[in-house]
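Residues in the sequence shown are numbered consecutively from 1, following the UniProt record's numbering.
These notes are about the structure you will find just below.
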Amino acid sequence: MINKNAEKKRMGRKKIDIKLIENKNNLQVTFSKRRNGLSRKAFDLCIKYGTSIAILAFSPAGRPYPFAHPDIDSIIHRFIRTHNNEEPSNVHYPHVHNPLMDEYSRLVKELEEEKKLSLALAQRKKMPNSGGSGFWWDAEVGSLGSHELTSWVESVERLRENVAKRVGEVQKGSNQVEVGAPSSSPPLVDSDTINLAPLPESIDFLEHYQF
Numbered sequence: 001m002i003n004k005n006a007e008k009k010r011m012g013r014k015k016i017d018i019k020l021i022e023n024k025n026n027l028q029v030t031f032s033k034r035r036n037g038l039s040r041k042a043f044d045l046c047i048k049y050g051t052s053i054a055i056l057a058f059s060p061a062g063r064p065y066p067f068a069h070p071d072i073d074s075i076i077h078r079f080i081r082t083h084n085n086e087e088p089s090n091v092h093y094p095h096v097h098n099p100l101m102d103e104y105s106r107l108v109k110e111l112e113e114e115k116k117l118s119l120a121l122a123q124r125k126k127m128p129n130s131g132g133s134g135f136w137w138d139a140e141v142g143s144l145g146s147h148e149l150t151s152w153v154e155s156v157e158r159l160r161e162n163v164a165k166r167v168g169e170v171q172k173g174s175n176q177v178e179v180g181a182p183s184s185s186p187p188l189v190d191s192d193t194i195n196l197a198p199l200p201e202s203i204d205f206l207e208h209y210q211f
């Protein structure tokens with residue numbers, strides 16, 4: 001009898017042989033994925049360490065795909081001048097502060113937080129006691145982080161604005177009924193029963209939670 005546990009223990013990370021992919025479709029798909037990942041990693045290095053990087057990748061069909069930061073001309077000229085001894089080899093290129101890079105880093109962090117929030121909601125949907133709705137407004141507020149809670153409050157405010165807008169549209173449509181036409185059905189929306197109380201300010205709302 002084969003021991004399944006022993007078989008599972010032998011299954012681990014396998015070494016992938018570096019060889020040419022013969023299937024042209026698989027080769028093109030792999031190139032596209034690796035090219036995007038390579039450019040993203042290179043740009044992250046430029047932001048984190050203030051360095052200059054130039055990459056020239058060729059597709060299986062021979063089409064060039066360049067990447068450079070800050071630009072490929074300045075990097076090539078610097079390379080040529082260095083090898084022609086026009087500049088000393090110990091030249092230090094100071095990091096130039098770029099507000100766009102700071103904005104990019106901030107957006108990347110926010111994107112990661114949004115991914116974590118989406119993953120938490122997806123996992124909550126699979127829980128037996130979650131009701132199976134999986135809607136973001138059903139999230140357990142007490143388990144959300146500071147940024148996630150702020151996003152949740154902003155989403156609730158947008159939802160309230162959309163509901164109020166839709167109520168106005170429905171009310172306006174019901175008021176355009178032809179004058180004198182008999183109607184035995186009640187109005188679609190009773191404005192006397194609608195009470196959209198304003199939400200508390202986000203800052204005051206977040207003060208109730210400790211992180």
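No residue lacks a Cβ here, since even glycine has one placed at the ideal position from N, Cα and C.
May I have the straight-line CA-CA distance separating R40 from G168, to the nearest angstrom? 46 angstroms
Could you round the C-beta distance between I47 and S105 to whole angstroms and report it? I think they count as a contact, below 8 angstroms. 6 angstroms
Of the listed residues R63, I72, S118 and Y49, nearest to I55 (C-alpha basis): I72
Report the three-state DSSP secondary structure of L56 (helix, strand or coil). strand
Which of the three DSSP states is assigned to A68 in this structure? strand
Beta-carbon proximity check, Q28 vs P70, cutoff 8 angstroms: no
Tell me which same chain residues have a C-beta within less than 7 angstroms of the C-beta of L107, skipping the five on either side of it? If the five residues before and after L107 are omitted, its C-beta is found closer than 7 angstroms to no C-beta atom of its own chain.
Where do the ends of the alpha helix (DSSP H) carrying R40 lie? K24 to Y49
Residues near S185 by beta carbon distance below 6 angstroms, same chain, minus five either side: At S185 the pLDDT is 47, less than 50, meaning the model places this residue with poor confidence and gives no usable figure here.
Going by the CB atoms, is the gap between L38 and A68 shorter than 8 angstroms? no
Under the rule that 16 or more other beta-carbon atoms within 10 Å means buried, what is E149, buried or exposed? The amino acid occupying residue 149 in the given sequence is Leu; Glu does not appear at that position. When all chains shown are included, L149 counts as buried.
Euclidean distance between Cα positions of L20 and K33: 16 angstroms
Can you find the residues in the same chain that come closer than 8 angstroms, C-beta to C-beta, to T30, ignoring five residues on each side of it along the sequence? The beta carbon of T30 lies closer than 8 angstroms to those of I21 in the same chain, with the five residues before and after it left out.
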